[in-house]
Every structure is written in structure tokens, then in C-alpha cells.
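Following: one structure in C-alpha cells, then a few remarks.
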Amino acid sequence: MPAVTAGWGFLLCRFLVGLTEGPFVPAVSLMTSSWYNKHESPLRMGIRHAGNTISQAISGLLAAGILQNMDDVAGLSAWQCFLLLEGMVSIVVALTSFWFIPNFPESTGTDFMTAEEAQMAQYR
């Protein structure tokens, strides 16, 4: 989005962001419910929702600081710096999550769990 200079480009980027973010909540709920039983899942999902709220508050504070202090840094407007920094953080978190968060209990490799732990996770 920082490279966008026209309104149509912004709308296209916003559409693509929404298209890729749409499946996130159902996918996380599915993964959470596959690892925890029906009595444990609500607490884990509540923690995720609380984390989402806290991250939005931090993002607002971060946005205020960037928009006030980073105008014309490296030839970019403050809003471009903000979107660039938030995008880089999102990419780092996504790649880290991809490599370190295990899949479903049935497909977890031996690097993450012992055979006994994998069998117990599948039983739950």
C-alpha cells in the first residue's frame, strides 16, 4: 500500500487485504478447537480476542507516533512509513508463525512432539 498513489490502487489493495484476512478468524478457531477440548477452547479463544483488542490499541498508539514523527523520512510520507512498518512487522510475524506453530494434532511432525504426546493430542 505505501506505493499506491491513486484511489483505484488503494481500493484494490484494500480489497486484497480483506480477501486474505477473511479466512483468518475461522481458521484460527478451527485450529484452536482441534488442539483443545470443548471446555478449554473458550478460554483460549477469549485470550486470542483479548490479544486482538490489545494489539489494536498498541497499533493506534504506534500510528500516532509514526504519523507525527516520520513525515518525509526516506522520501516517504508519514502514512507510507506507517503502512510500510506495519506491513514488515506483519510479514515477520506471519513467517514466524508459519514455521513455529504446529498444524493439526494428526499432522504434527516429530520435531514438535514426542510420539506419546502426539498420540495424546490426537486422543483429546
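Mind the numbering: the sequence shown is residues -22 to -1, 1 to 102 in mature numbering (1 follows the signal peptide of the UniProt record, and there is no 0), read in order.
All C-beta atoms in this analysis are idealised placements derived from N, C-alpha and C, irrespective of residue type, glycine included.
As assigned by DSSP and simplified to three states, the class of Val71: helix
Range covered by the alpha helix (DSSP H) that runs through Tyr101: Ala93 to Tyr101
DSSP-derived helix/strand/coil call for Val(-6): helix
Three-state secondary structure (DSSP) of Val51: strand
Closer than 8 angstroms to chain B by CB, Ser11: In the displayed structure, chain B is absent; only one protein chain is listed.
Phe(-13), buried or exposed, once every other Cβ within 10 Å from all chains shown has been counted against 16: exposed
Own chain partners of Ser11 with C-beta closer than 8 angstroms, once the 5 adjacent residues on each side are dropped: Ser19
The ligand SAH heavy atom lying under 7 angstroms from the CB of Asp49: Of ligands this structure carries none, so the ligand SAH is not represented either.
Per-residue DSSP class, three states only, for residue 172: The structure shown does not extend to residue 172, since the chain is modelled only from -22 to 102, so the question has no answer here.
Rounded C-alpha distance that separates Val51 from Leu62: 12 angstroms
Alpha carbon of Trp77 to alpha carbon of Leu54, nearest angstrom: 32 angstroms
Separation of Ala(-17) from Leu73, as counted between CA atoms: 30 angstroms
Under the three-state DSSP convention, the category Val(-19) falls into: coil
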